[in-house]
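Asks: Submitted below is the structure of interest, expressed as structure tokens.
There are 2 protein chains.
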Amino acid sequence: MSGMLEDIDARIAAVLAADGRCSYTELADKVGLSVSAVHQRVRRLEQRGVIRGYAARIDGEQIGLPLTAFVSLTPIDPAEPDDYPQRLLPLPQIEACYSVAGVESYIVKVRVASPSALEALLAQIRATANVSTRTTVVLSTPFEDRPITVGGATPESTTRAEHT
Amino acid sequence: MSGMLEDIDARIAAVLAADGRCSYTELADKVGLSVSAVHQRVRRLEQRGVIRGYAARIDGEQIGLPLTAFVSLTPIDPAEPDDYPQRLLPLPQIEACYSVAGVESYIVKVRVASPSALEALLAQIRATANVSTRTTVVLSTPFEDRPITVGGATPESTTRAEHT
DNA sequence: GGTGAAAAACATAGGGT
DNA sequence: ACCCTATGTTTTTCACC
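Note that the protein sequences, when read in sequence, are chains Y and P. With the numbering used here, letter number 127 in the first sequence gets 1058, and the count goes up by one each step, no holes. With the numbering used here, letter number 3 in the second sequence gets 934, and the count goes up by one each step, no holes.
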């Protein structure tokens, strides 16, 4: 296989998924390589697009965006070109856009300040994308953005042995 | 108001949401404060829980988890205590869990290696949580995890002026 | 809150195995 | 591919405003 991920790369990815600001020193310690070897691998992972970037996880409730919702989109005119994601991209309240199998075509995840802001956003979505919408309001988020687990590689699998 | 976010903290959060590995030096430059002032503010944001942590964004397709789905959960026994999130927590394939308003009670987002892995996971979810499930398979993800925009504060709003 | 400077830790590049 | 060493940067703490 060509695109498969080596075990050690999987562990690096798992560690960084759990702690994006982990230092190369600590990372090296955790996966059992030297700092430079780890650094090299991380750069390759970034280059290959396995690591797409780094982000701080922000608590939406504390920054004035307490209302999250999932909005399912159904095209009104089936003859239209399918460029919905592009049309939705300019709306910054839309955090994610998924093309899905099912009665509806897309699901987007949105974050807004209030019910009236959601109302306004839905109107914008319908207008800019020419779709009908079905909205599911999130009441609470027990957990979110959990670090990936790839092939049994959890962040705390290995600790480097001393080599003195 | 007590919990409201200052403008400069909002900008810090926005920058770190867009680039979680941004150095304090660069951050200080972008928001127009000294390195130590920014560092102090970031620590306070972390402490207050505004910044919940940092994560590398991993491309699921490249690490052997190409299949994403949203699974809606409906409790079978309405008399049961509502501890579904706790019961789902041990399943690492579940990346997020939302309590929602609507016909169903929860929506969880899952990542798996294959259709058969999805089938197995759904069986596990039904068994451990005593729910019925409705699954929407993600065909593609035009965009995801876009950095937050809080009160007009985008990462590239301000650059520090030289003070020589 | 904010600043600036010093010490410690870290990132990064080069050369060797 | 990996390790080690050397250099420049960044983080972190601290005394002061």
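Virtual Cβ for every residue (Gly too), placed ideally from N, Cα, C.
From the DSSP output, which residues share a beta bridge with T1066 of chain P?
Replies: Paired residue(s): P:V1002.
Asks: Give me, in chain order, the residues of the same chain whose beta-carbon lies closer than 7 Å to that of L947 of chain P; leave out the 5 immediate sequence neighbours on both sides.
Replies: For L947 of chain P, where only same-chain residues beyond five positions count, the Cβ hits under 7 Å are C953 and I982.
Asks: Applying the criterion that 16 or more other CB atoms from any shown protein chain within 10 Å of the CB defines a buried residue, is Q1017 of chain Y buried or exposed?
Replies: Looking at its Cβ environment, which holds fewer than 16 other Cβ atoms inside 10 Å, Q1017 of chain Y is exposed.
Asks: Please list, in chain order, all residues of the same chain as T1059 of chain Y whose beta carbon is under 6 Å from its beta carbon, the five residues on each side excluded.
Replies: The answer, listed in chain order, is R1018.
Asks: Alpha carbon to alpha carbon, what distance is there between Y1015 of chain Y and T1072 of chain P?
Replies: Cα-Cα distance, rounded: 12 Å.
Asks: Quick check on DSSP: helix, strand or coil for R983 of chain P?
Replies: DSSP places R983 of chain P in strand when its eight states are reduced to three.
Asks: Using the beta-carbon of each residue, which ones in chain P are nearer than 8 Å to V981 of chain Y?
Replies: Near V981 of chain Y (Cβ distances below 8 Å), the residues of chain P are I989, D990, Q993 and I994.
Asks: Can you name, in chain order, every residue of its own chain whose Cβ lies under 8 Å from the Cβ of D1008 of chain Y, other than the five neighbours on each side?
Replies: Contacts found: N1061.
Asks: With a cut-off of 7 Å, does the C-beta of T1059 of chain Y fall near any C-beta of chain P?
Replies: For T1059 of chain Y, the answer is no, since every Cβ of chain P falls outside 7 Å of its Cβ.
Asks: Residues in its own chain within less than 7 Å of V966 of chain Y by CB, not counting five upstream and five downstream?
Replies: These residues qualify, in order along the chain: Y955, T956 and A959.
Asks: Indicate whether at least one CB of chain P lies closer than 7 Å to the CB of G963 of chain Y.
Replies: It does not; no Cβ of chain P falls within 7 Å.
Asks: Quick one: what's got a C-beta closer than 6 Å to I1079 of chain Y's C-beta in the same chain, skipping five residues either side?
Replies: So the qualifying residues of the chain are A948.
Asks: Is L936 of chain P close to chain Y, meaning its C-beta is less than 7 Å from at least one C-beta of that chain?
Replies: It does: the Cβ of L936 of chain P has a partner Cβ on chain Y nearer than 7 Å.
Asks: Please return the same chain residues whose Cβ sits closer than 7 Å to the Cβ of V1043 of chain P, not counting the five positions on each side in sequence.
Replies: Excluding sequence neighbours, V1043 of chain P sits near L996, L998, Q1024, L1049 and L1052.
Asks: Using a Cβ-Cβ cut-off of 6 Å (strictly less than) and excluding sequence neighbours within five positions of I939 of chain Y, which residues of its own chain qualify?
Replies: Only V962 meet the Cβ criterion.
Asks: Decide if A1032 of chain P is buried, meaning its Cβ has at least 16 other Cβ atoms within 10 Å, or exposed.
Replies: Looking at its Cβ environment, which holds fewer than 16 other Cβ atoms inside 10 Å, A1032 of chain P is exposed.
Asks: When you compare each of Y:V973, Y:V1069, Y:Y1037 and Y:R942 to I1056 of chain Y by their alpha carbons, which one comes out closest?
Replies: It is Y:Y1037 whose Cα lies nearest to the Cα of I1056 of chain Y.
Asks: Going along the region 1059-1074 of chain Y in order, which residues come within less than 8 Å of chain P, judged by CB to CB distance?
Replies: Hits within the stretch, in order: T1067, V1068, V1069, L1070, S1071, T1072, P1073 and F1074.
Asks: Of all the CB atoms in chain P, is at least one closer than 7 Å to the CB of P1023 of chain Y?
Replies: For P1023 of chain Y, the answer is yes, since a Cβ of chain P falls inside 7 Å of its Cβ.
Asks: Between the alpha carbons of E1093 of chain Y and A987 of chain P, how many angstroms are there, rounded?
Replies: Annotation note: pLDDT 44 at E1093 of chain Y (below 50); position unreliable, coordinate value reported separately. About 28 Å.
Asks: Can you tell me the Cβ-Cβ gap for S1003 of chain Y and E1035 of chain Y, rounded? I've got them flagged as a contact below 8 Å.
Replies: 4 Å between Cβ atoms; contact.
Asks: Within the region 948-994 of chain Y, note down every full alpha helix (DSSP H) run reaching 4 residues or more, in order along the chain.
Replies: The region 948-994 of chain Y contains these whole alpha helix (DSSP H) runs: 955-962 and 966-979.
Asks: Measure the Cβ-Cβ separation of K1040 of chain P and F1074 of chain P and say whether it is below 7 Å.
Replies: Contact flag unset, no.
Asks: Taking the continuous beta strand (DSSP E) assigned at I1007 of chain P, which residues delimit it?
Replies: Where I1007 of chain P is concerned, there is no enclosing beta strand (DSSP E), given that its DSSP letter is neither H nor E.
Asks: Is L964 of chain Y buried or exposed, if buried means 16 or more other CB atoms sit within 10 Å of its CB?
Replies: Burial call: buried.
Asks: Compare the beta carbon distance of V1069 of chain P and Y1029 of chain Y with 7 Å and say whether it is the shorter of the two.
Replies: Yes, they are a contact pair.
Asks: For A941 of chain Y versus I989 of chain P, is the C-beta distance shorter than 7 Å?
Replies: Contact flag unset, no.
Asks: Starting from I1056 of chain P, follow the alpha helix (DSSP H) in both directions and report where the run begins and ends.
Replies: Per DSSP, I1056 of chain P belongs to the alpha helix (DSSP H) from P1046 to A1060.
Asks: List the residues of chain Y that I1079 of chain P touches, going by C-beta distances under 8 Å, in chain order.
Replies: Within chain Y, the residues near I1079 of chain P are I989, G991, I994, L996, E1026 and R1042.
Asks: Classify R979 of chain Y: buried if its beta carbon has 16 or more other beta carbons within 10 angstroms, exposed otherwise.
Replies: R979 of chain Y is exposed by the Cβ-count criterion.
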